[in-house]
Amino acid sequence: MTTDLIARSGAAGALISRLEWSKTPLGPLSDWPPRVRVLIETALPSGIPLCVLLGTDPAHARVVYNDAFSALLGHKHPSAMGRPAREVWPESWDFFEWALRQVWYAGQPVTGKDLMLLLDRGNDLEEVYVSISFSPIRDDQGAVCGALMCGIETTGSVLAARRERALRLLTEALRPAKTEDDFYRIMPKALSYTLKDVLFAFLYEFDPAGTRATLRASAGLAAEVPEALREIVLSPGCPWEMACVARENQMRLVPVSGLGLCVMNALAGPTHAAVLPVTGGSPSGRAGVLVVGLRPARALDDDYGAFVHRVAREISVALADIQSRRAAEFHAAAVAESRLKDMFLGIASHELRTPLTCLKLNVQLVHRELQALEPRLAERLERLTRSIDRMTRLVNEMLSVSAIAAGKLALRETHCDLRAICRSAGAEQSQVARRPLSLHLPEEPVHVLADEDRTAEVITNLLANAYKYSAAEEPVDLSLEQSGAEAIVTVKDRGPGIPRDSLPHVFDRFYRVPGVSVRTGSYVGLGLGLYLSKAIVEQHHGRIWVESEVGRGSAFSFSMPLAA
Numbered sequence: 101m102t103t104d105l106i107a108r109s110g111a112a113g114a115l116i117s118r119l120e121w122s123k124t125p126l127g128p129l130s131d132w133p134p135r136v137r138v139l140i141e142t143a144l145p146s147g148i149p150l151c152v153l154l155g156t157d158p159a160h161a162r163v164v165y166n167d168a169f170s171a172l173l174g175h176k177h178p179s180a181m182g183r184p185a186r187e188v189w190p191e192s193w194d195f196f197e198w199a200l201r202q203v204w205y206a207g208q209p210v211t212g213k214d215l216m217l218l219l220d221r222g223n224d225l226e227e228v229y230v231s232i233s234f235s236p237i238r239d240d241q242g243a244v245c246g247a248l249m250c251g252i253e254t255t256g257s258v259l260a261a262r263r264e265r266a267l268r269l270l271t272e273a274l275r276p277a278k279t280e281d282d283f284y285r286i287m288p289k290a291l292s293y294t295l296k297d298v299l300f301a302f303l304y305e306f307d308p309a310g311t312r313a314t315l316r317a318s319a320g321l322a323a324e325v326p327e328a329l330r331e332i333v334l335s336p337g338c339p340w341e342m343a344c345v346a347r348e349n350q351m352r353l354v355p356v357s358g359l360g361l362c363v364m365n366a367l368a369g370p371t372h373a374a375v376l377p378v379t380g381g382s383p384s385g386r387a388g389v390l391v392v393g394l395r396p397a398r399a400l401d402d403d404y405g406a407f408v409h410r411v412a413r414e415i416s417v418a419l420a421d422i423q424s425r426r427a428a429e430f431h432a433a434a435v436a437e438s439r440l441k442d443m444f445l446g447i448a449s450h451e452l453r454t455p456l457t458c459l460k461l462n463v464q465l466v467h468r469e470l471q472a473l474e475p476r477l478a479e480r481l482e483r484l485t486r487s488i489d490r491m492t493r494l495v496n497e498m499l500s501v502s503a504i505a506a507g508k509l510a511l512r513e514t515h516c517d518l519r520a521i522c523r524s525a526g527a528e529q530s531q532v533a534r535r536p537l538s539l540h541l542p543e544e545p546v547h548v549l550a551d552e553d554r555t556a557e558v559i560t561n562l563l564a565n566a567y568k569y570s571a572a573e574e575p576v577d578l579s580l581e582q583s584g585a586e587a588i589v590t591v592k593d594r595g596p597g598i599p600r601d602s603l604p605h606v607f608d609r610f611y612r613v614p615g616v617s618v619r620t621g622s623y624v625g626l627g628l629g630l631y632l633s634k635a636i637v638e639q640h641h642g643r644i645w646v647e648s649e650v651g652r653g654s655a656f657s658f659s660m661p662l663a664a
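The sequence shown begins at 101 in the working numbering and counts up by one.
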């Protein structure tokens, strides 16, 4: 083996050719055993990471390696060439010495798959996984004079498989949780599956106001969590920079020193933690934060960062599923309760209608007989009749609501004159309210295909509301106009008006505008008139809306398609 041949065997060969081996215990290259020289000739151009360790014993073995092996050395290359192995790998010398002793003194190979070694390949110790083998090298007399080490790094594949398994176990552990209490009770065990990649994990929950975070689960600590970290007020300078994470909804790296954490199974304490938002299904999109202690021997590269993000995401998904399930259960319960209410309304109103009808007939008979004999009693009976009419109207409203809920609101549509319906309903309500009505109707009939009684009911509801919520001296207007293929009916009052934030709700069932009280007429009502009106109009393929200004009054309008 000549120096020229070595020099032509890559960068490592050139480096070997420049070293003054005569100043080492190995002596000049020319004095090395022929079998050793042949082995080095073979190893240098190989694409497999190979290292030859030569010497009289493991404690004095010198390192000779090829180009492919330099990646395992990191910043120690090229100064590692020719140095004693114990100086090259002092951080893991216990393992190397044991393996070399097996080779040197027992003449047996040593192999290991995916072994974890702490190696200094940069500024800090690093967890490195390698599949490694040590084989004896013999001189021409058959005595062991060294070891051939083959080291193939498997860090990427080992960490990927381990992290996938941790995420799978975490997800499986959380799957049985049906409630949030179950979720937080299971969480310590679920977080424990991540402890090969993080030193500790804390899960905090935000209060509904988003001003405070409470520690709900932890894993990886050898002692109790410091009191200062159990309940955190989200303010500038709070632990874990949690206020910033909550505000920005982004991961942050924060120093761990000074927090008094005692971590289990850690060769070196954590220096930094990753603080990540946990979203869940909360309306604000922020349910809490996950804090994980990063391993000092593992750089926060893209893969490590992706892992801690996925841990937070799996927790968020599990929490969102629980909250969605709870919302669905609440919705189902609300629907069931609503159905029971609708059923009750239907049954109660049906049972009330018959006695009310009978009562009204008898009152009318007595009223007719007393008109000539006792006018004062007759007047009282007339007031009683009006009260019965109001009760009958409430019962009819309940029946209509029950029909709408069951999808059985029937219409008897005929070609009718909407102008005549407006005039008739307006006259009736004006008489009931004992107040004038300003009519603005076209001269010609307005023909629509509609249920005449239901359409009159809509107009009656709008007029009754207008009279109820406006002062006795204020006029109420009822107008009808044609616009394109539609007929539009509008009832306008000069009442208190409706606040802007209440406008989207005025057609909701049982809704009453806060702070707006009845000004004239009866206070009796279920808050169903506008809800029924909307249902009736929409079943006629029309639309209904309101325009209002506080202090200036309201205008309720509905449209119906003109008859062809």
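Beta carbons are placed, not taken as given, at the ideal position from N, Cα and C, and that holds for glycine.
These numbers were taken from a predicted model, which means no experiment stands behind them.
Span separating the alpha-carbon of L549 from that of D517: Counting from 1 along the sequence shown, the entry for residue 549 is found at position 449. Counting from 1 along the sequence shown, the entry for residue 517 is found at position 417. Approximately 9 Å, taken between the alpha carbons.
- request: Determine contact between the stretch 239-253 and the stretch 404-420, defined as no fewer than three beta-carbon pairs at a distance below 8 Å.
  value: no
message: For W340 and C362, I'd like the C-alpha separation in whole angstroms.
response: Within the sequence shown, residue 340 is the residue found at index 240, counting from 1. Within the sequence shown, residue 362 is the residue found at index 262, counting from 1. One C-alpha to the other measures close to 16 Å.
query: CB-CB under 7 Å to Y623, same chain, minus the five flanking residues each way: which ones, in chain order?
result: Looking up residue 623 in the sequence shown gives position 523. Note that Y623 scores 44 on pLDDT, short of 50, meaning its location in the model is unreliable and no value can be drawn from it.
- prompt: Just reading off the alpha helix (DSSP H) that L725 is part of, what are its end residues?
  reply: Residue 725 falls outside the range modelled here, since the chain spans only 101 to 664, and no answer is possible.
query: Using CA coordinates, which residue listed in S583, R221 and L215 is at the minimum distance from A397?
result: By 1-based counting over the sequence shown, the position of residue 397 is 297. Looking at the Cα atoms, R221 is the closest of the given residues.
- prompt: Is the distance from the Cβ of S231 to the Cβ of L248 below 8 Å?
  reply: If you number the sequence shown from 1, residue 231 lands on position 131. If you number the sequence shown from 1, residue 248 lands on position 148. Taking 8 Å as the Cβ cut-off, S231 and L248 do not qualify as a contacting pair.
task: Output the distance between the C-alpha atoms of A114 and W193, rounded to the nearest integer angstrom.
output: Counting from 1 along the sequence shown, the entry for residue 114 is found at position 14. Counting from 1 along the sequence shown, the entry for residue 193 is found at position 93. Approximately 28 Å, taken between the alpha carbons.
query: Alpha carbon to alpha carbon, how far is P614 from K592?
result: Counting from one through the sequence shown, the residue named residue 614 turns up at place 514. Counting from one through the sequence shown, the residue named residue 592 turns up at place 492. Taking the straight line joining both Cα atoms gives about 20 Å.
- prompt: When the Cα atoms are used, what is the spatial distance from V652 to A428?
  reply: As a first step, residue 652 is located in the sequence shown; it is residue number 552 there, counting from the start. As a first step, residue 428 is located in the sequence shown; it is residue number 328 there, counting from the start. Residue 652 is actually Arg in this sequence, not Val. When rounded, the distance between both Cα atoms is 42 Å.
- request: Ignore the nearest five residues each way along the sequence and tell me which others in R643's own chain have a CB closer than 8 Å to its CB.
  value: On the sequence shown, residue 643 is found 543 positions in, with the first residue counted as 1. Only V637, F658 and S659 meet the Cβ criterion.
Start and end residues, beta strand (DSSP E) containing S231: The residue you call residue 231 lines up with position 131 of the sequence shown. Counting along the chain, the beta strand (DSSP E) containing S231 begins and ends at L225 to R238.
field: Q350 - containing alpha helix (DSSP H), residue span
entry: Counting from one through the sequence shown, the residue named residue 350 turns up at place 250. From DSSP, Q350 is part of no alpha helix (DSSP H); its letter is neither H nor E.
query: Can you check whether the CB of V606 is closer than 8 Å to the CB of L630?
result: The count along the sequence shown starts at 1 and reaches residue 630 at position 530. The count along the sequence shown starts at 1 and reaches residue 606 at position 506. Yes.
message: Since L394 and A374 should fall inside the 8 Å C-beta cutoff, what is the C-beta to C-beta distance between them, to a whole number of angstroms?
response: For the purposes of this step, residue 394 is identified with residue 294 of the sequence shown, where counting begins at 1. For the purposes of this step, residue 374 is identified with residue 274 of the sequence shown, where counting begins at 1. Going by Cβ atoms, the distance from L394 to A374 rounds to 6 Å, so yes, they are a contact pair.
query: Does DSSP put T311 in a helix, a strand or coil?
result: Here residue 311 refers to the residue found at position 211 of the sequence shown. DSSP places T311 in coil when its eight states are reduced to three.
- request: Could you round the C-beta distance between L580 and V546 to whole angstroms and report it? I think they count as a contact, below 8 Å.
  value: Along the sequence shown, one-based indexing puts residue 580 at 480. Along the sequence shown, one-based indexing puts residue 546 at 446. That belief holds up - the Cβ atoms of L580 and V546 are roughly 6 Å apart, short of 8 Å.
task: Can you give me the Cβ contacts of G212 inside the same chain, cut-off strictly under 6 Å, excluding the 5 residues immediately before and after it?
output: On the sequence shown, position 112 is the one that residue 212 refers to. Closer than 6 Å at the Cβ level, and outside the excluded window around G212, lie I232.
- prompt: Is there contact between the stretch 165-182 and the stretch 194-207, where contact requires at least three CB pairs shorter than 8 Å?
  reply: no
query: Candidates E264, R285 and G155: which alpha carbon is nearest A243's?
result: By 1-based counting over the sequence shown, the position of residue 243 is 143. Closest option to A243, Cα to Cα, is G155.
- prompt: Apart from the five residues on each side of it in sequence, which residues of its chain come closer than 7 Å, Cβ to Cβ, to R386?
  reply: In the sequence shown, counting from the first residue as 1, residue 386 sits at position 286. Correct list, in chain order: F306, G310, A346, N349, P377 and T379.
Expected contact under 8 Å - CB spacing of P536 and R519 to nearest Å: Here residue 536 refers to the residue found at position 436 when the sequence shown is read from its first residue. Here residue 519 refers to the residue found at position 419 when the sequence shown is read from its first residue. Going by Cβ atoms, the distance from P536 to R519 rounds to 19 Å, so no, they are not a contact pair.
task: Determine the contact status of E414 and L291, defining contact as a CB-CB distance below 8 Å.
output: Mapped onto the sequence shown, residue 414 falls at position 314. Mapped onto the sequence shown, residue 291 falls at position 191. No.
query: What residues in its chain sit with their C-beta under 7 Å from that of V558, if we drop five residues either side in the sequence?
result: As a working mapping, residue 558 is identified with position 458 in the sequence shown. Cβ within range, chain order: S633, I636, V637 and F658.
Rounded straight-line distance, which links the Cα of L315 to that of L329: Here residue 329 corresponds to residue number 229 of the sequence shown, with the count starting at 1. Here residue 315 corresponds to residue number 215 of the sequence shown, with the count starting at 1. If you take the alpha carbons of L329 and L315, they lie about 7 Å apart.
task: Could I get the ranges of all uninterrupted alpha helix (DSSP H) runs contained in the stretch 508-574, with 4 residues as the minimum, in chain order?
output: 518-533 and 552-568
query: What are the boundary residues of the alpha helix (DSSP H) that P134 is part of?
result: Along the sequence shown, read from residue 1 onward, the residue named residue 134 stands at position 34. It spans P134 to A143 - the alpha helix (DSSP H) in which P134 sits, taken as one unbroken run.
- request: Using alpha carbons as the reference points, say which of E226, P133 and E197 lies closest to G174.
  value: If you number the sequence shown from 1, residue 174 lands on position 74. Among E226, P133 and E197, the Cα nearest to that of G174 belongs to E226.
query: In three-state terms, what does DSSP make of V624?
result: For this step, residue 624 is matched to residue 524 along the sequence shown. Unreliable positioning characterises V624 in this predicted model, as indicated by a pLDDT of 47, which lies under 50. The coordinate reading is nonetheless provided below. Note: V624 maps to coil in three-state DSSP.
field: Cα-Cα separation between A663 and Q582, rounded to whole angstroms
entry: Counting from 1 along the sequence shown, the entry for residue 663 is found at position 563. Counting from 1 along the sequence shown, the entry for residue 582 is found at position 482. Cα to Cα, A663 sits roughly 12 Å from Q582.
message: For a test of the three-state rule: what should DSSP assign to Q208, helix, strand or coil?
response: Reading the sequence shown from its first residue, position 108 is the one you call residue 208. Q208 falls in the coil class under three-state DSSP.
- prompt: What three-state label does DSSP hand Y165 in the structure shown?
  reply: For the purposes of this step, residue 165 is identified with residue 65 of the sequence shown, where counting begins at 1. Strand, per DSSP.
query: What are the residues that DSSP puts in a beta bridge with L578?
result: Translated into the one-based positions of the sequence shown, residue 578 becomes position 478. Paired residues: L539 and V591.
task: Could you tell me whether the stretch 136-145 touches the stretch 155-170, using the rule of 3 or more Cβ pairs below 8 Å?
output: yes
task: Give the DSSP-derived three-state secondary structure of D220 in the structure shown.
output: Mapped onto the sequence shown, residue 220 falls at position 120. Three-state result, D220: strand.
- prompt: Candidates H160, V188, P149 and A185: which alpha carbon is nearest S170's?
  reply: Position 70 of the sequence shown holds residue 170. That would be P149, whose Cα lies nearest to the Cα of S170.
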